[in-house]
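Student:
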Amino acid sequence: MAQEEISEYDVLIVGGGGAGLRAAIAAYESDPTLKIAVVSKVYPMRSHTVSAEGGAAAVIKPDDSLEDHCYDTVSGADWMCDQDAVESFVNEAPNELLQMEHWGCPWSREEDGSVAVRPFGGMKIKRTWYASDKTGFHMLHTLFQTSLKYDPIKRYDEWFVTKLLVEDGRCQGVVAIELATGRVESILARSVIVSTGGCGKIFPFTTNANIKNGDGMSLAYRAGVPLKDMEFVQYHPTGLPFTGILITEASRAEGGHLLNKDGYRYLQDYDLGKPEPEPVLRSMELGPRDRLSQAFVKEQEKGGTMVGEYGHYVHLDIRHLGKKKIEARIPFVRELCLKYENIDPVKEMIPVRPVVHYMMGGISTDIDAATPLPGLYSAGEAACVSINGANRLGSNSLTEILVFGARAGKNAATFAREQGKTSSGVHAQIRDEQQRLGQLLNGGGTESIAGLRKEMQDTMEEGAGIYRTHSSLAKSSEKIQQLQERIGNVAVGDSSLTFNTELPAAIELTYMLDGAEAIIQSALNRKESRGSHQRSDHPDRDDENFLSHSLAYREQGGPPRIEYLPVTITKWPPGERVYG
Amino acid sequence: MPNITLEVQRYLPEYGEEPMFQEYEVPLREDWVVLDALNHIKDHIDGTLSYRWSCRMGVCGSCGMMINGTPVLSCAAFLTSYAPGPIRIEPMAHFPVVRDLVVDVTDFVDKLKAVKPWVIRETEKPLAEGEFRQTPEELDDFKQFSMCINCMLCYSACPVYGLEKEFTGPAALALAQRYNKDNRDEGNDERMQHLSNDEGIWACTMVGECSEVCPKHVDPAGAIQQYKLAGAADWWKSLITRKGT
């Protein structure tokens with residue numbers, strides 16, 4: 136990218152995954168005269184949307200209803216989501232998936248040529264659109280390829296954002312490093328959308344890609360924006376031991392069974408229904424992810440799991456589906472097992488264990504994808520609207536990136552049109568940031584990046600895993616605060632400006648520590664058990680005191696301040712979650 | 020546990036040096052792929068080694084490199100299959116090297132865009148009319164070409180691209196064909212116009228190195244064959260039309 140180009144835009148999108156690309160297209164379509172740019176630390180098609188497997192939920196079939204999709208989502212979320220947001224999401228979902236269809240997404244089909252749907256966990260009707268078992272991959276590539284036809288959407292590929300520029304009370308752009316050259320530049324904008332995804336890499340065992348460090352969450356947090364509902368961390372029940380590679384829920388939707396060491400479908404012992412030969416919606420293996428992951432821990436305590444080199448595991452058995460069905464519906468499952476675990480699920484059972492998968496929490500936004508900071512918007516896993524509450528249902532997140540990506544794009548475009556020139560004060564901030572990064576590169580610290588990262592991951596698993604207590608969380612909180620101090624002395628041994636990957640890794644670690652402290656403090660303060668947040672010392676849901684979103688605000692030199700925001704209830708008063 | 024030696028190509032243009040090989044000893048773990056070994060080096064031996072990676076499950080397309088002279092995804096290359104070693108690791112062939120194992124991919128990304136990889140229609144279908152009908156058989160017509168993860172291994176394997184950088188190349192041609200064969204698309208002629216000037220398609224000797232190295236069985240060589248046939252048909256068509264006038 137030539138130096139002389141004017142880097143000032145109307146709408147700047149940070150993150151080139153599904154939400155970011157959908158936002159870019161929506162911003163362009165709402166006003167083709169706008170200058171739009173997408174800045175991403177990887178080429179957009181490398182973004183983590185690519186790894187999503189199972190599908191995207193939206194009501195399209197005659198036997199389904201918007202009301203049912205809302206109810207499944209609200210009850211799946213353990214009533215922690217905002218119901219007005221859920222209603223908008225469910226209403227807009229079908230058109231967004233249709234739009235993807237018109238853009239060429241290769242959805243799997245029925246014989247008559249209509250879009251096919253499959254069952255998914257926690258959903259009482261089949262409503263998950265899918266492209267074999269590579270739905271995220273196909274959605275991301277369709278969005279990326281479609282985005283190429285819009286010349287005005289400029290891309291900053293492999294630029295790493297280190298700071299949001301906030302001046303005169305509004306967000307006015309970012310500072311970023313061009314990885315290829317090490318150049319530190321400002322990219323100014325009248326509105327900014329953060330769509331950088333989640334932060335699963337805070338934990339040691341995750342399905343998340345290496346790039347999922349919560350960059351955008353931390354950037355917003357440092358700019359004074361609260362992180363909402365961070366205590367709600369989704370464990371997916373079926374990850375491959377060691378690698379954490381995800382075995383899609385579709386494998387259970389197609390009829391796969393979870394078995395303990397005796398070959399027994401142990402979920403029947405945990406209020407998830409009775410075993411039937413064929414999959415039953417909202418029952419057994421098609422229960423919600425939080426309940427299945429919790430059942431695993433209980434089964435482990437009972438001695439029903441098996442132990443391997445990487446800890447406890449159970450078996451996912453899909454052998455009875457037969458090779459033909461496996462190849463047709465979930466071929467990627469077989470490919471992943473063969474290539475990475477050296478087992479063939481056509482003939483052998485797959486060892487699996489719960490694995491950190493998704494952050495329900497994120498940058499606090501309203502229903503329009505706007506954060507409390509004027510000019511800053513957010514969408515996708517980075518954001519928390521919230522439609523996912525205390526537990527996200529599988530196949531809602533791929534739809535969420537479209538619905539709220541589009542909303543963010545449209546609303547950021549409208550905001551941008553109403554703004555004047557960039558404030559002159561940002562220039563001093565840019566110089567300060569350039570200086571800070573220069574020091575980091577030549578700092579001569581002594582703490583190793585990998586060492587600090589491992590200590591962070593270990594304390595998160597120990598203190599803030601599937602089950603938590605006050606004492607486990609308090610211990611981890613102390614540890615994370617120590618790490619926050621020690622990171623100031625981090626060693627960046629690589630002083631080269633050309634594609635330096637060590638400097639971004641050090642900064643990513645600072646981002647993850649911010650996410651970690653927000654998760655822990657929010658979990659410490661929530662003295663109840665709800666959805667994915669299970670406190671062994673407070674085992675019951677407490678609607679009287681905690682039917683509220685937590686908001687974590689950054690504090691200097693200590694853990695965040697936690698405030699609460701009531702959950703919005705429209706049609707579905709809090710009830711019991713019944714599965715089976 | 021025994022060790023295995025990785026000979027990794029290093030290149031740091033700022034220091035004006037020629038590429039050289041650096042040796043690293045890593046544990047020969049049975050469940051480690053080459054990417055795990057590189058991460059071990061980065062975390063515990065030498066933080067200055069640069070390479071790209073992300074998903075570690077063969078779908079993001081970031082981590083391609085030459086391993087013992089063959090372009091492969093390093094996340095899918097078990098150390099044990101190269102034992103006892105040493106394993107020679109180089110950046111992907113046919114691309115300019117930025118640093119160490121990182122290559123410049125801008126030419127590839129430009130080529131993707133040049134084939135207009137989006138649905139082209141004379142008139143847009145309104146969303147209110149619902150989805151396009153596409154039977155499973157119609158989906159199968161192009162599905163394989165839609166599986167490309169843009170890992171660029173096929174460009175590293177392609178002898179034509181090695182000599183002729185103007186060549187659109189295997190992945191981009193397969194991508195064009197992915198849309199050409201999609202019954203929702205009407206952009207075939209527009210894309211063929213762009214591709215008809217591409218000498219590289221005719222230089223392709225159909226040895227099929229591209230399809231051989233493809234980790235997703237996309238078969239770009241098959242796509243190129245289809246172009247050649249279509250191109251030849253067009254030539255005959257133009258001949259007949261000319262005679263007729």
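Read top to bottom, the protein sequences are chains A and B. Residue 136 is where the first sequence starts when you use the numbering used here, and the numbers rise one by one after that. Residue 20 is where the second sequence starts when you use the numbering used here, and the numbers rise one by one after that. Glycine included, each C-beta is placed from N, C-alpha and C at the ideal position. Since this is a predicted model, take the numbers as computed values, not measurements.
Quick one: Cα of GLY560 of chain A to Cα of GLU302 of chain A, how far?
Tutor: Straight-line Cα distance between these residues: approximately 7 Å.
Student: Considering only the beta carbon of each residue, do HIS668 of chain A and PHE338 of chain A sit closer than 8 Å?
Tutor: No, the Cβ-Cβ distance between HIS668 of chain A and PHE338 of chain A is not below 8 Å.
Student: Around the Cβ of ALA222 of chain B, are there at least 16 other Cβ atoms within 10 angstroms (buried) or fewer (exposed)?
Tutor: ALA222 of chain B should be labelled exposed.
Student: Does ASP406 of chain A come within less than 8 Å of chain B when only Cβ atoms are used?
Tutor: So no, ASP406 of chain A is outside the interface.
Student: At a CB distance below 9 Å, what residues from the segment 461-477 of chain A approach chain B? Give them in sequence order.
Tutor: For the segment 461-477 of chain A, which is checked against every Cβ of chain B, the residues closer than 9 Å are PHE467, GLU470, LEU471, LYS474, TYR475, GLU476, ASN477.
Student: Pick out the complete beta strand (DSSP E) segments inside the segment 657-697 of chain A, 3 residues or longer, and give them in chain order.
Tutor: The qualifying runs are 683-690.
Student: Going along chain B in order, which residues have a C-beta closer than 7 Å to the C-beta of VAL625 of chain A?
Tutor: Those within 7 Å of VAL625 of chain A in chain B number zero; the least Cβ separation is about 11 Å.
Student: What does GLU297 of chain B reach in chain A if we use C-beta pairs closer than 8 Å?
Tutor: Coverage of chain B is limited to positions 20 through 264, which leaves residue 297 of chain B absent and any answer about it impossible.
Student: On the criterion of 16 or more Cβ atoms from any shown chain inside 10 Å, does MET20 of chain B qualify as buried, or is it exposed?
Tutor: Under this definition MET20 of chain B is an exposed residue.
Student: Output, in sequence order along the chain, the residues in the segment 60-81 of chain B whose CB is closer than 9 Å to any CB in chain A.
Tutor: Cβ contacts with chain A come from LYS61, ASP62, HIS63, ASP65, GLY66, THR67, LEU68, SER69, TYR70, ARG71, TRP72, SER73, CYS74, ARG75, MET76, GLY77, VAL78, CYS79, GLY80, SER81.
Student: In this structure, does DSSP put ARG262 of chain A in helix, strand or coil?
Tutor: Note: ARG262 of chain A maps to coil in three-state DSSP.
Student: Once DSSP output is grouped into helix, strand and coil, what is the label at THR187 of chain B?
Tutor: If DSSP states are grouped into helix, strand and coil, THR187 of chain B belongs with coil.
Student: Among A:LEU686, A:PRO701, A:LEU508, which one has its Cα closest to the Cα of PRO695 of chain A?
Tutor: The residue with the shortest Cα to Cα distance from PRO695 of chain A is A:LEU686.
Student: Any contact of the segment 536-555 of chain A with the segment 157-168 of chain A, i.e. 3+ C-beta pairs under 8 Å?
Tutor: Taking 8 Å as the limit for Cβ pairs, the verdict is that the segment 157-168 of chain A does touch the segment 536-555 of chain A.
Student: Answer with buried or exposed for GLN218 of chain A, where buried requires no fewer than 16 other C-beta atoms within 10 angstroms of its C-beta.
Tutor: By the neighbour-count rule (16 or more Cβ atoms within 10 Å), GLN218 of chain A is buried.
Student: Would a check of beta-carbon distances place THR154 of chain B closer than 8 Å to chain A?
Tutor: Output row for THR154 of chain B: interface = yes.
Student: Apply the 10 Å Cβ neighbour rule to ILE64 of chain B and answer buried if 16 or more other Cβ atoms are within range, or exposed otherwise.
Tutor: Looking at its Cβ environment, which holds fewer than 16 other Cβ atoms inside 10 Å, ILE64 of chain B is exposed.
Student: Can VAL360 of chain A and SER558 of chain A be called in contact, C-beta distance under 8 Å?
Tutor: Against a cut-off of 8 Å, the Cβ pair of SER558 of chain A and VAL360 of chain A comes out as no contact.
Student: When Cβ atoms are compared, which residues of the segment 571-592 of chain A fall closer than 9 Å to chain B?
Tutor: Within the segment 571-592 of chain A, the residues whose Cβ lies closer than 9 Å to some Cβ of chain B are SER583, ILE584, ALA585, GLY586, ARG588, LYS589, listed in chain order.
Student: Mind pulling the chain B residues with CB within less than 7 Å of THR378 of chain A?
Tutor: Residues of chain B passing the Cβ test: ARG75.
Student: Compare the beta carbon distance of VAL194 of chain A and SER200 of chain A with 8 Å and say whether it is the shorter of the two.
Tutor: Yes. Within cutoff.
Student: Would you list the one or two residues that DSSP bridges to GLN403 of chain A?
Tutor: Per DSSP, none; premise fails for GLN403 of chain A.
Student: With three or more beta-carbon pairs closer than 8 Å as the criterion, would you say the segment 168-184 of chain B touches the segment 195-213 of chain B?
Tutor: Not touching, per the Cβ criterion.
Student: Opposite VAL27 of chain B in the DSSP bridges: which residues?
Tutor: B:GLN41, B:ILE108, per the DSSP bridge assignment.
Student: Name, please, each residue of chain A whose Cβ falls closer than 7 Å to the Cβ of PRO136 of chain B.
Tutor: Here the neighbours are GLN280, LEU283.
Student: Going along the chain, which residues of the segment 362-378 of chain A sit with their C-beta nearer than 7 Å to a C-beta in chain B?
Tutor: So the close ones are PHE377, THR378.
Student: Any Cβ of chain B within less than 8 Å of the Cβ of ALA191 of chain A?
Tutor: With 8 Å as the cut-off, ALA191 of chain A does not count as an interface residue toward chain B.
Student: Quick check: GLY390 of chain A and LEU456 of chain A, are their CB atoms within less than 8 Å of each other?
Tutor: The answer is yes: Cβ separation under 8 Å.
Student: How big is the Cα-Cα spacing for GLY573 of chain A and ASP292 of chain A?
Tutor: Taking the straight line from one Cα to the other gives about 22 Å.
Student: Could you tell me which chain A residues have their CB closer than 7 Å to the CB of ASN169 of chain B, listed as they occur along the chain?
Tutor: Neighbours of ASN169 of chain B on chain A, chain order: MET180.
Student: Would the beta-carbon of ALA514 of chain A fall within 8 Å of that of ALA505 of chain A?
Tutor: Going by C-beta atoms, ALA514 of chain A is not nearer than 8 Å to ALA505 of chain A.
Student: Which one of A:ILE536, A:HIS392, A:ALA548 has the shortest CA to CA distance from ALA228 of chain A?
Tutor: Among A:ILE536, A:HIS392, A:ALA548, the Cα nearest to that of ALA228 of chain A is on A:ILE536.
Student: Return the Cβ separation of ILE380 of chain A and LEU473 of chain A in integer angstroms, given the expectation that the two are a contact with Cβ distance under 8 Å.
Tutor: The Cβ separation is near 12 Å, so there is no contact.
Student: Under the rule that 16 or more other beta-carbon atoms within 10 Å means buried, what is ARG566 of chain A, buried or exposed?
Tutor: By the 10 Å Cβ count, ARG566 of chain A comes out exposed.
Student: In angstroms, rounded to a whole number, what distance separates the CA positions of GLY257 of chain A and ALA133 of chain B?
Tutor: Roughly 43 Å between the two C-alpha positions.
Student: Using a C-beta cutoff of 8 Å, does SER249 of chain A count as contacting chain B?
Tutor: At least one chain B Cβ lies under 8 Å of SER249 of chain A.
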